[in-house]
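Everything on this sheet refers to the single structure shown next.
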Amino acid sequence: MTSTDETIITPADLAGGGVGGDDPDVRGKFGIFGGRYVPEALIPALDEVAAEYEKAKTDLDFVREFDHLLRTYAGRPTTLTEVPRFAEHAGGARILLKREDLTHTGAHKINNVLGQALLTRRLGKRRVIAETGAGQHGVATATAAALMGLECVIYMGAVDCERQALNVARMKLLGATVVPVTNGSQTLKDAINEAFRDWVTNVEHTHYLFGTVAGPHPFPEIVRDFARIIGVEARRQVRELIGRLPDAVCAAVGGGSNAIGLFHAFIPDEGVRLYGYEAGGRGAETGEHALTLTQGSVGVLHGARTYVLQDDEGQTIESHSISAGLDYPGVGPEHAWLKDSGRATYEGVTDEEAMEAFALLARTEGIIPAIESSHALAGALRLGRELGPDAVILVNLSGRGDKDMGTAMKYFNL
Amino acid sequence: MTYPRTNPAVAAGAVERHLRARRDVGRGLLMPYVTGGITPGWTDYLRAFAAAGADAIEVGLPFSDPTLDGVTIQQASDAALARGASTRRILADLSELSGLPDLGVPLVVSTYYNLVLHDGPEAFCAALRRAGVGGLIVPDLPVHEADELTGVAEGAGIELVLLASPATPQPRLAEISARSRGFVYAVSLMGTTGERAALAASAAELTGRIRRVTDRPVLLGFGISTPDQARGARRHADGVVVGAAVMRRVLDGAGPDDLRAFLAPLRQALDQECDRPR
């Protein structure tokens with residue numbers, strides 16, 4: 001275990017750990033995916049963010065400050081927990097959980113927001129805006145804004161505000177203004193639309209603290225790099241524990257930041273299989289799901305070319321998931337690229353499967369996971385049965401389930 | 001004074017020739033906007049625009065996620081989509097009018113890039129052409145992403161209009177102006193579409209900067225809804241785009257004649273002698 005005064009992140013970790021070959025090109029493209037499909041008015045701001053980030057990530061003072069916050073504020077490194085009683089339901093495969101649920105604010109989102117809040121300060125901007133689905137990114141952003149004295153406005157779909165009322169209260173307590181978004185499907189995608197509208201209007205003094213690895217370049221790269229610590233730590237921890245790398249790495253995929261954060265350090269490890277689990281909602285056949293990579297087609301949404309859930313006319317389809325954080329009809333362009341290149345495999349997990357895994361982890365291990373993370377847990381159960389008892393599976397427990405108790409009470413009649 | 005030509009080798013397309021010809025006789029250009037498919041007989045609005053003295057007409061193909069649009073165009077898009085509007089149906093409606101010959105005014109379609117990509121840029125541009133459309137505006141396609149569309153559009157005879165914003169630095173503005181076809185769409189302010197109390201101060205500065213690098217017609221859009229604003233815009237730009245002010249009236253139930261009446265004073269304002277710093 002790393003002691004609290006030991007550096008956990010280095011410029012090399014931030015800059016991709018020398019992985020090479022998997023960074024976007026100068027126009028922010030991962031193969032055909034990514035790019036910047038945004039109004040002209042935002043291009044100078046994106047250029048500014050990209051340029052400042054390029055400087056920051058090799059600036060030892062910036063990296064030290066980020067490292068300091070990760071250790072002393074976010075609570076890193078997070079531990080690795082083996083869950084043998086849970087794994088009995090996975091055909092005996094060993095399952096290891098990367099405990100992002102133990103970070104400050106209770107989800108992996110804190111990693112990205114601390115990095116971007118530091119970047120905001122470097123940019124000389126005094127206001128941050130953010131979108132949020134489950135409320136976790138909103139809470140994390142409000143937290144970082146409070147810590148650094150930034151004005152903070154959070155856009156959240158009105159439906160999500162209702163589903164995640166506790167997180168709305170948290171954000172308000174932290175001093176943020178929460179704006180319920182009442183147009184469209186009133187969920188994450190509409191919150192992002194509204195945040196873009198704010199940004200194009202207030203870009204001079206505002207940073208859009210984007211919460212996932214989607215959106216226009218450089219957000220997919222920046223958010224990935226700030227989340228990358230998850231996989232960097234986990235890779236080392238698994239090796240220390242079992243003397244080798246895991247056979248498979250699993251994460252839930254909505255926009256895809258917790259997944260890319262865990263995957264990225266493992267991409268060069270050819271023997272490690274990468275599995276992303278999307279929200280299957282009520283089932284692929286019902287049309288009520290968020291199976292962007294597995295059922296969607298290539299399009300442009302929120303500034304990036306990527307897989308999108310769209311109808312025969314090219315209109316975005318409203319996604320469905322019991323988990324607000326996965327309820328998104330787009331996905332980060334690097335995932336689209338990992339899918340098409342075959343490096344990662346993406347599958348669906350239904351609401352029902354996720355809720356079974358949610359309850360199972362609680363009962364067998366005393367850990368209540370976020371419903372988002374429960375999709376990865378359900379995937380790991382399925383994968384374990386496929387890979388057999390010798391397999392070691394690493395799962396990103398991306399967040400804790402406290403925020404989901406309302407949903408759980410209804411679902412299980414608690 | 002004469003303008004420096006951006007690229008004399010490129011022959012102007014039909015939309016640009018039409019706008020240049022009108023501009024060069026001193027006429028202030030008016031391009032009203034309508035969301036395609038907003039009502040059952042929506043193409044009657046186009047006839048009303050032409051009758052009201054429009055110099056070009058912008059037809060929006062509604063998209064589910066209009067990130068650059070304010071609340072009025074959002075509502076119009078949602079209403080049109082709820083009625084079953086689609087690219088295919090809107091273009092079918094337009095092909096019955098066949099643009100310039102019938103209306104005497106070029107048609108310019110605007111939409112978000114996902115709808116262009118959906119059938120592929122080639123098929124999309126060919127469909128526009130068949131429907132009698134001459135120009136295309138894609139507000140979420142900045143110049144550096146436009147490569148895959150510019151050649152295809154040019155080949156299909158569609159003039160791809162690029163947008164410039166107050167934040168655009170001068171070298172980039174030169175590139176946008178050089179690569180834009182039809183006209184240069186000057187976005188008057190940092191913000192979304194929608195009516196504003198006054199013409200943004202950034203409008204004059206931006207159009208001035210565009211004029212330094214091109215002699216293409218420059219139309220100013222975003223937040224222009226009153227005769228006063230049109231008059232103010234005319235001092236700097238060759239003309240104006242009027243969108244949200246039209247669509248708010250359509251959403252409130254205005255018919256073609258109402259819009260004709262609404263546009264008349266705007267037309268008059270643009271026709272007045274202006275003390276423009278030419």
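If you read the protein sequences in the order shown, they are chains E and X. Residues in the first sequence are numbered from 1 upward in steps of one, following the UniProt record's numbering. Residues in the second sequence are numbered from 1 upward in steps of one, following the UniProt record's numbering. Ideal placement from N, C-alpha and C gives every residue a C-beta, glycine not left out.
Length of the line joining the Cα atoms of residue i and residue j
i	j	result
Val203 (chain E)	Pro166 (chain X)	12 Å
Gly303 (chain E)	Gly194 (chain X)	21 Å
Thr10 (chain E)	Val63 (chain E)	7 Å
Glu82 (chain E)	Asn183 (chain E)	43 Å
Leu291 (chain E)	Pro256 (chain X)	43 Å
Ala173 (chain E)	Glu194 (chain E)	The identity of residue 173 (chain E) in the sequence shown is Leu, whereas the question assumes Ala. C-alpha separation (whole angstroms): 22 Å.
Asp351 (chain E)	Leu262 (chain E)	23 Å
Gln268 (chain X)	Ala92 (chain X)	33 Å
Val213 (chain E)	Ser110 (chain X)	28 Å
Gly175 (chain E)	Lys410 (chain E)	30 Å
Leu136 (chain X)	Gly243 (chain X)	16 Å
Gly384 (chain E)	Val128 (chain E)	42 Å
Gln75 (chain X)	Glu240 (chain E)	57 Å
Val218 (chain X)	Tyr277 (chain E)	49 Å
Pro84 (chain E)	Ala354 (chain E)	19 Å
Met156 (chain E)	Ala197 (chain X)	28 Å
Ala87 (chain E)	Ala130 (chain E)	37 Å
Glu175 (chain X)	Arg231 (chain X)	28 Å
Burial state of residue i (16 or more Cβ within 10 Å)
i	result
His205 (chain E)	exposed
Met171 (chain E)	buried
Val25 (chain X)	exposed
Ala134 (chain E)	buried
Asp269 (chain E)	exposed
Ala144 (chain E)	buried
Ala123 (chain X)	exposed
Ile242 (chain E)	exposed
Thr141 (chain E)	buried
Arg5 (chain X)	Interpretation of Arg5 (chain X) is limited by its pLDDT of 45, a score under 50 that renders its predicted location unreliable; the figure taken from the coordinates is listed afterwards. Exposed, because fewer than 16 other Cβ atoms sit within 10 Å of the Cβ of Arg5 (chain X).
Thr72 (chain E)	exposed
Met405 (chain E)	exposed
Contact set between residue i and chain E, taken where Cβ atoms lie within less than 9 Å
i	result
Ala14 (chain X)	Correct list: empty, because the minimum Cβ distance to chain E is about 25 Å.
Ser165 (chain X)	Pro39, Glu40, Ala41, Leu42, Ile43, Pro44, Val200
Thr87 (chain X)	Glu313, Gly314
Tyr33 (chain X)	Result: empty, since nearest Cβ-Cβ is about 16 Å, beyond 9 Å.
Met190 (chain X)	Ala41, Val200, Thr201, Asn202, Val203, Glu204
DSSP bridge partner residues for residue i (one or two, in chain order)
i	result
Leu301 (chain E)	E:Ala304
Ser110 (chain X)	X:Gly60, X:Ile137
Val179 (chain E)	E:Tyr155
Ala201 (chain X)	Paired residues: none, contrary to the question.
His207 (chain E)	E:Val128
Cys250 (chain E)	E:Tyr275, E:Val395
Leu350 (chain E)	The question names Leu, but residue 350 (chain E) is Thr in the sequence shown. Looking at the DSSP assignment, Thr350 (chain E) forms a beta bridge with E:Gly281.
Thr35 (chain X)	X:Gly60
Ala186 (chain X)	X:Ala164, X:Leu220
Arg94 (chain E)	E:Val392
Contact list for residue i against chain E, beta-carbon separation under 7 Å
i	result
Glu145 (chain X)	Gly35, Arg36, Tyr37
Asp93 (chain X)	Going along chain E, no residue has its Cβ under 7 Å from Asp93 (chain X), so there is no contact; the nearest lies around 15 Å.
Pro169 (chain X)	Pro44
Gln74 (chain X)	Asn183
Leu115 (chain X)	Gly314
Pro139 (chain X)	Pro39
Beta-carbon separation (whole angstroms), residue i vs residue j, contact threshold 8 Å
i	j	result
Glu100 (chain E)	Thr78 (chain E)	6 Å
Asn258 (chain E)	Ala234 (chain E)	Not quite, the Cβ-Cβ distance comes to about 12 Å (not below 8 Å), so this is no contact.
Gly70 (chain X)	Pro106 (chain X)	No, Gly70 (chain X) and Pro106 (chain X) are not in contact; Cβ-Cβ is about 26 Å, not under 8 Å.
Val200 (chain E)	Thr192 (chain X)	6 Å
Arg248 (chain X)	Thr72 (chain X)	5 Å
Gly28 (chain X)	Leu270 (chain X)	3 Å
Tyr112 (chain X)	Val143 (chain X)	16 Å between Cβ atoms; not a contact.
Val249 (chain E)	Leu209 (chain E)	The pair is not a contact, with the Cβ atoms about 27 Å apart (cut-off 8 Å).
Chain X residues whose Cβ lies nearer than 7 Å to that of residue i
i	result
Lys189 (chain E)	Asp65
Val153 (chain E)	Near Val153 (chain E) there are no residues of chain X at all, since even the closest Cβ is about 16 Å away, more than 7 Å.
Phe196 (chain E)	Thr67
residue 443 (chain E)	Look at the range of chain E in this structure, 1 to 414, and you will see that residue 443 (chain E) is not part of it.
Cβ-heavy atom distance, residue i to the ligand COA, below 8 Å
i	result
Leu414 (chain E)	By its list of ligands, the structure shown contains no ligand whatsoever, and the ligand COA lies outside what it can speak to.
Proximal chain E residues relative to residue i, where beta-carbon distance stays under 8 Å
i	result
His236 (chain X)	Residues of chain E passing the Cβ test: none, with the nearest at roughly 18 Å.
Leu81 (chain X)	Gln315
Val187 (chain X)	Pro39, Glu40, Ala41
Amino acids of chain X, ordered along the chain, whose beta-carbon sits closer than 8 Å to that of residue i
i	result
Gly299 (chain E)	Asn114, Leu117, His118
residue 415 (chain E)	Shown here, chain E extends from 1 to 414; a query on residue 415 (chain E) therefore has no answer.
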